[in-house]
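What follows is one structure encoded as structure tokens, with my remarks underneath.
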Amino acid sequence: MKTLLVVYHSMTGGTRQLAQAAARGAATEPSVVTRVLTAKRAGPDDLLSASGYLFATPENLGAMSGLMKDFFDRSYYPALDRLNGRPYAAVICAGSDGENAARQLARIATGWRLRAMAPPLIVRTGAQTPAAILAPKTIAQADRQTCQALGAALAAGLGMGMF
Ligand SMILES: Cc1cc2nc3c(=O)[nH]c(=O)nc-3n(C[C@H](O)[C@H](O)[C@H](O)COP(=O)(O)O)c2cc1C
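Following this note's numbering, the numbering of the sequence shown begins with 8 at its first residue and continues without gaps.
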């Protein structure tokens with residue numbers, strides 16, 4: 008059985024809902040096991056034992072969130088040259104931007120020689136004020152569905168051996 012690893016961090020719940028939606032989509036592929044881990048718990052062994060990845064992070068202060076970066080910092084060299092060619096997808100949850108977090112994540116994935124199976128999916132909550140930014144998030148159904156479809160496509164491709 009191939010494994011799809013979903014790694015995410017979330018402070019106010021938006022990214023968590025997107026990661027869970029992707030995992031729900033992936034679970035529709037019976038020949039693939041989907042593992043969902045928070046960035047804090049995930050590490051290089053989890054990467055090595057999976058065949059494909061979905062990374063989901065908030066954009067905080069124009070960058071991927073600190074705990075997501077910590078996951079990549081801890082995992083980058085132990086996994087280097089051992090993931091070459093595996094597929095991945097990236098999901099960014101942002102208030103109004105998200106582009107730089109997407110760029111940073113793509114750069115790390117390029118270093119690992121991962122293959123992007125889709126352009127990064129950036130979901131914007133529209134939160135602008137401090138109160139709105141710190142409030143718990145509810146991701147719109149349409150965005151959750153898009154993320155679910157992304158998870159399903161990634162798992163289906165893995166299951167069929169397309170990647
Ligand atoms: C400290 C902090 C910095 C943020 N910086 C950005 C930013 O640079 N660009 C942006 O689009 N959104 C920014 N946001 C908004 C978050 O990306 C947005 O609220 C998103 O929903 C966070 O994901 P989460 O709900 O999974 O924590 C920031 C939020 C916080 C708390």
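For every residue, glycine included, the Cβ atom is placed at its ideal position computed from N, Cα and C.
| query | result |
| --- | --- |
| Beta-bridge pairing of residue 66 - partner residues as DSSP gives them | 71 |
| Cβ-based burial, residue 236 [other Cβ within 10 Å; buried from 16] | Residue 236 lies beyond the range of the chain shown here (8 to 170); nothing can be said about it. |
| Bridge partners - residue 42, DSSP secondary structure assignment | 12 |
| Beta-bridge pairing of residue 60 - partner residues as DSSP gives them | 12 and 95 |
| Alpha carbon of residue 114 to alpha carbon of residue 142, nearest angstrom | 30 Å |
| Near ligand 1: residue 154 beta-carbon under 7 Å from a heavy atom | no |
| Residue 150 beta carbon near ligand 1 (any heavy atom closer than 7 Å) | no |
| Endpoints, alpha helix (DSSP H) assigned at residue 128 | Segment 128 to 131 is the beta strand (DSSP E) holding residue 128; no alpha helix (DSSP H) there. |
| Strand pairing of residue 122, partner residues [DSSP] | 94 |
| Proximity below 8 Å, CB of residue 12 to CB of residue 158 | no |
| Residue 47 versus residue 170: straight-line alpha-carbon distance, rounded | 28 Å |
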